Each structure stands twice: as structure tokens, then as C-alpha cells.
Amino acid sequence: MGLDFKKFATEGEEFLHNLSVELNCANDQQKAGRILRTSLHAIRNHLSPNESLQLISQFPMFLKAVYVDGWKIKTTKNKVRHMADFVKEVQNIAGPTGKGDFPTDEVVEGSINTVFMVLRKYISLGELEDIKANLPKDLKGLLNYDILI
Amino acid sequence: MKTITTINELTQVLKERKADESYLGIMKRVAINPREYEKYFTWDDAHYTRNCLIKTAEFELLLICYEKAQQTPIHDFDTQDAWVHTIVGKLKEERFRLNPGGAGLEKVGSVTIGPTEFSYISGYAGMHRFINTYESRSVSLNLYARPVEKWKEHDFATGEVTEKAVSHDTIYVLP
């Protein structure tokens, strides 16, 4: 089967538009893209490489690229004791825009929750539950913040 | 964002939804007194009831009424997205997948949906059922985009699938 990069781009743009609408920033798809990338990389830090591979095996091509971009595979997961530590981690991953895109705990949790809601059409329930089960105790509520996905 | 305080307002907002507003965003604006829904509730001792408030080509809004301990079959459906919001009582949603180690289904998780939460269900691999675990009646407000025309019921023990056309106990025609 040939690689249809135009199709990947079209699917990616449609996905980003849908995500920006759900994140209530339809006029700022750049922001939605930053939140998507940061959310995936933050979750990635708390999954084993094997768990990550299981997750991205279900992603469409454009999301696989976002997920693995800049990935330094480690055998140990990042450890967080409190949500506040995770919020700092998310802000660090986001870089200069971190404090603007993720100003509070609520925004971090709500954004990641929303990203995974939109991702849900690609992730089977079984895989989603595996991700939840493998998250640290203090992060288990991330994917069920106010939207139960 | 402006809150939505009446059912008529909700149906208008849904019908006039613009491309940059999400269905969930609309549902989160809903602050309708549960009493306003009461005239649309129906009850049946034998089964939960499905009461359609409005149905268009794009979406369908339902009130699902459960007597104590009533539950849906394990099912999934052909629509793209659904949001379930409990407006009276409390519901448990159980989620399933095909048993990787044998026949039938395996329960993979459950969540309790109270009045502050929204359960999101994607048509993709989303076998689930709702159980009224509350001490009395429960009611949920369900928004489907697009409307559900048929669903598949799954037998827990065997995994056998039965396709069924969706039916309603009542159909209201709200403006």
C-alpha cells in the first residue's frame, strides 16, 4: 500500500479542528496543537515503552508522529507524588507557552481529559482502561476529570 | 458562556449550533431545573424507557428513565458520539471488551455518573451498559450526534451479537 501523505495531512487537520472546538479555542488551532502534543508527551512519560507502543499502534499515522516526536525511551517512568508535580511537568514539556496554555491544575486536567475524549475514536475501551490502570495513583483521575471517557 | 435554563432553549441552541461550538460545550451550559423535565418522564416496571425530545438529521436528545435497578442490555451503536448526563439519581456505566482469553465479554471498567459528570461514548469499540444503582429512580439526558438508528446487543457469556433497530417509548416533537 502506498503512503498517502496528503490524506494524513487532511485527517490531521480535521482532527485538530475538532480538538480546537472541544477545547473551546476554535480560532486558535496552533494552541490546540500545542495542547495535543504536550498532553500526549506528558502521558507518555508515565507509561512504559510497551504500553506506549500498544497505544500508538491504534493511532492513525498523523498521531503516531506527534506521539513519538522527541521521544527518549526510558525504562523507568517519571514519578509524581502529587498533581502539582504533574502540572509543573506539563508546563515544562509545553515550554515557553506552558504557563499560558496550562495555567492551573484544572486546565491541565481538563485539557488532557478533552484530548483523550477526542482520541477516543481511535482507542479501544480495553486499551483506554489499560492506560488508566497504568497511570500513577494521583493521575488516575486525569482521564475521567469531568468527562468520563 | 451563557447558561441554558429551559428545554426549549436547549433544543434551539442545539439546532442552531455553529461549527465552532461543540456539543459537549453546549451540554456543559445546561442548568435546567430537573423539575422542568418531569412532564417528559415515563416509567415502566418492566424496562427503562427512552423518551425522545427532539431528533434532527444531526442529533437526537433523549431522556432515559430508569426504575430502581433497571439496566440496559450490553450494547454499542452506530453513531459517532454520545454524551450521557445524569439529571436525577445516579447511574453506573459498565464497559466491556471481547474476552481476549476466551469466549464472551470481559468487563474492563465502570464509572458512576452523577449530576456533575458527562460520560462520553464513542461509537468505536464501545460496548457498555447503564445500571440504575441509585436508591430510587434515575434519569439521564442523552445527546447523540448523529441519531442512533440501530444498535448491537451483546451477550456477556457468549459474545453473541444481535442487531436491533432502536425504538422509543415516547416521541415528543419539541420546537
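Chains as they are written, first to last, in our numbering: chain Y, 287 to 435; chain E, 45 to 219.
Note that beta-carbon positions come from the ideal geometry of N, C-alpha and C, so glycine has one too.
Predicted, not measured: the structure shown is a model, and the values here were computed from it.
Review point. Name the DSSP bridge partner or partners of TYR164 (chain E)?
Key: Within the second sequence, residue 164 (chain E) is the residue found at index 120, counting from 1. In the DSSP output, where bridge partners are listed per residue, TYR164 (chain E) has E:TRP127.
Review point. Quick one, which residues of the region 142-159 of chain E are near chain Y if we go by CB-CB under 7 Å, in chain order?
Key: VAL152, GLY153, VAL155 and ILE157
Review point. In its own chain, which residues sit with a C-beta less than 8 Å from the C-beta of LEU302 (chain Y), not counting the 5 before and 5 after it?
Key: As a working note, residue 302 (chain Y) is residue 16 in the first sequence. Taken in chain order, the residues that qualify are GLN315, ALA318, GLY319 and LEU322.
Exercise for review: May I ask you to list the residues that DSSP assigns as paired with SER184 (chain E)?
Suggested key: The residue you call residue 184 (chain E) lines up with position 140 of the second sequence. For SER184 (chain E), which the question treats as bridged, DSSP gives the partners E:ILE108 and E:THR130.
Point to revise | Chain-ordered residues of the region 179-195 of chain E with a beta carbon less than 8 Å from chain Y | key: none
Check your understanding: In three-state DSSP terms, what is LEU405 (chain Y)?
Key -> By 1-based counting over the first sequence, the position of residue 405 (chain Y) is 119. DSSP places LEU405 (chain Y) in helix when its eight states are reduced to three.
Exercise for review: With 9 Å as the threshold, decide whether the Cβ of GLY203 (chain E) is near any Cβ in chain Y.
Suggested key: As a working mapping, residue 203 (chain E) is identified with position 159 in the second sequence. Not one chain Y Cβ lies under 9 Å of GLY203 (chain E).
Review point. What residue from E:CYS109, E:TYR81 and E:CYS96 has the CA that sits closest to ALA90 (chain E)'s CA?
Key: Taking the second sequence and counting its residues from 1, one reaches residue 90 (chain E) at position 46. Measuring from the Cα of ALA90 (chain E), the nearest candidate turns out to be E:CYS109.
Review point. Just reading off the alpha helix (DSSP H) that ARG190 (chain E) is part of, what are its end residues?
Key: Looking up residue 190 (chain E) in the second sequence gives position 146. First-last for ARG190 (chain E): undefined, no H or E at that position.
Practice item. At 7 Å on the CB atoms, spell out the chain E contacts of ALA312 (chain Y), in chain order. Key: The count along the first sequence starts at 1 and reaches residue 312 (chain Y) at position 26. Those within 7 Å of ALA312 (chain Y) in chain E are ASP64.
Exercise for review: Would you give the residue range spanned by the alpha helix (DSSP H) that ARG173 (chain E) belongs to?
Suggested key: As a working note, residue 173 (chain E) is residue 129 in the second sequence. Counting along the chain, ARG173 (chain E) falls outside any alpha helix (DSSP H), though it belongs to the beta strand (DSSP E) covering 171-176.
Review point. Is the region 98-107 of chain E close to the region 185-193 of chain E, with three or more CB pairs under 8 Å?
Key: yes
Practice item. Consult DSSP for SER306 (chain Y) and reduce its assignment to one of helix, strand or coil. Key: Mapped onto the first sequence, residue 306 (chain Y) falls at position 20. If DSSP states are grouped into helix, strand and coil, SER306 (chain Y) belongs with the helices.
Point to revise | Own chain partners of MET71 (chain E) with C-beta closer than 7 Å, once the 5 adjacent residues on each side are dropped | key: Working through the second sequence from its first residue, we reach residue 71 (chain E) at position 27. These residues qualify, in order along the chain: TRP127, HIS129, PHE162 and LEU187.
Point to revise | Reference HIS332 (chain Y), options Y:SER306, Y:ARG367, Y:MET347 and Y:ALA312, closest by Cα | key: Taking the first sequence and counting its residues from 1, the one referred to as residue 332 (chain Y) is at position 46. Taking only the C-alpha atoms, the option nearest HIS332 (chain Y) is Y:ARG367.
Practice item. Select from Y:CYS311, Y:GLN377 and Y:THR362 the residue whose C-alpha is nearest the C-alpha of PRO389 (chain Y). Key: Counting from 1 along the first sequence, the entry for residue 389 (chain Y) is found at position 103. Closest by alpha carbon: Y:GLN377.
Check your understanding: Which word fits ASP387 (chain Y), buried or exposed, when buried means at least 16 other C-beta atoms lie within 10 angstroms of its C-beta?
Key -> Taking the first sequence and counting its residues from 1, the one referred to as residue 387 (chain Y) is at position 101. So ASP387 (chain Y) ends up on the buried side.
Review point. Does any CB atom of chain E fall closer than 9 Å to the CB of ASN364 (chain Y)?
Key: Within the first sequence, numbered from 1, the residue matching residue 364 (chain Y) stands at position 78. No, ASN364 (chain Y) lies away from the interface with chain E (no Cβ there is under 9 Å from its Cβ).
Review point. With distances taken between CB atoms, is the gap from VAL404 (chain Y) to ASN304 (chain Y) smaller than 9 Å?
Key: For this step, residue 404 (chain Y) is matched to residue 118 along the first sequence. For this step, residue 304 (chain Y) is matched to residue 18 along the first sequence. Yes, the Cβ-Cβ distance between VAL404 (chain Y) and ASN304 (chain Y) is below 9 Å.
Point to revise | Counted within 10 angstroms of its Cβ, other Cβ atoms place PHE121 (chain E) as buried (16 or more) or exposed | key: By one-based count along the second sequence, residue 121 (chain E) stands at place 77. Answer is buried; the Cβ neighbour count reaches 16.
Check your understanding: Per DSSP, GLU197 (chain E) forms a beta bridge with which residues?
Key -> Mapped onto the second sequence, residue 197 (chain E) falls at position 153. According to DSSP, GLU197 (chain E) bridges with E:HIS119 and E:THR206.
Point to revise | Contacts of ARG139 (chain E) in chain Y (Cβ-Cβ under 8 Å) | key: Here residue 139 (chain E) is taken as the residue at index 95 of the second sequence, counted from 1. Under the 8 Å cutoff, chain Y gives LEU411 and GLU415.
Check your understanding: What does GLU308 (chain Y) reach in chain E if we use C-beta pairs closer than 8 Å?
Key -> As a working mapping, residue 308 (chain Y) is identified with position 22 in the first sequence. The answer, in chain order, is SER66, LEU68 and GLY69.
Exercise for review: Out of Y:ILE379, Y:THR296, Y:THR362 and Y:LEU339, state which residue places its alpha-carbon closest to the alpha-carbon of SER325 (chain Y).
Suggested key: For the purposes of this step, residue 325 (chain Y) is taken as the residue at position 39 of the first sequence. It is Y:ILE379.
**Study point:** Proximity test, Cβ basis, 9 Å: LEU333 (chain Y) and chain E
**Key:** For the purposes of this step, residue 333 (chain Y) is identified with residue 47 of the first sequence, where counting begins at 1. Chain E contact via Cβ: absent.
Exercise for review: Consider the Cβ of SER211 (chain E): report whether some Cβ of chain Y lies at a distance smaller than 9 Å.
Suggested key: As a first step, residue 211 (chain E) must be located in the second sequence, where it is residue number 167. Judged by the 9 Å Cβ criterion, SER211 (chain E) is not in contact with chain Y.
Check your understanding: Nearest-angstrom Cα distance between ALA312 (chain Y) and VAL354 (chain Y)?
Key -> The residue you call residue 312 (chain Y) lines up with position 26 of the first sequence. The residue you call residue 354 (chain Y) lines up with position 68 of the first sequence. Going by the C-alpha atoms only, they are around 25 Å apart.
**Study point:** Alpha-carbon spacing of GLU102 (chain E) relative to ARG94 (chain E), whole angstroms
**Key:** Here residue 102 (chain E) is taken as the residue at index 58 of the second sequence, counted from 1. Here residue 94 (chain E) is taken as the residue at index 50 of the second sequence, counted from 1. Roughly 19 Å between the two C-alpha positions.
Check your understanding: Straight-line CA distance for ASN437 (chain Y) to GLY146 (chain E)?
Key -> With chain Y covering 287 to 435 only, the question about residue 437 (chain Y) has no answer from this structure.
Check your understanding: Are the region 130-144 of chain E and the region 418-427 of chain Y in contact at 8 Å, needing three or more beta carbon pairs?
Key -> no
Practice item. Mind listing the chain Y neighbours of GLY170 (chain E)? Cutoff is C-beta to C-beta under 7 Å, in chain order. Key: The residue given as residue 170 (chain E) occupies position 126 in the second sequence. Correct list: LEU411.
Practice item. Classify GLU415 (chain Y) as helix, strand or coil using the three-state DSSP reduction. Key: One-based indexing of the first sequence puts residue 415 (chain Y) at position 129. Helix, per DSSP.
Review point. I think LEU213 (chain E) touches THR86 (chain E), with their Cβ atoms under 8 Å apart; what is that distance to the nearest whole Å?
Key: Residue numbering aside, residue 213 (chain E) sits at position 169 when the second sequence is read from its first letter. Residue numbering aside, residue 86 (chain E) sits at position 42 when the second sequence is read from its first letter. The displayed chain sequence assigns Asp, not Leu, to residue 213 (chain E). ASP213 (chain E) to THR86 (chain E), Cβ: 6 Å. Contact.
Check your understanding: With a Cβ-Cβ cutoff of 9 Å, do ILE417 (chain Y) and ILE329 (chain Y) count as a contact?
Key -> For the purposes of this step, residue 417 (chain Y) is taken as the residue at position 131 of the first sequence. For the purposes of this step, residue 329 (chain Y) is taken as the residue at position 43 of the first sequence. Result yes, Cβ atoms of ILE417 (chain Y) and ILE329 (chain Y) sit closer than 9 Å.
Exercise for review: Indicate the three-state DSSP secondary structure (helix, strand or coil) for GLY153 (chain E) in the structure shown.
Suggested key: Numbered from 1 along the second sequence, position 109 holds the residue referred to as residue 153 (chain E). Strand, per DSSP.
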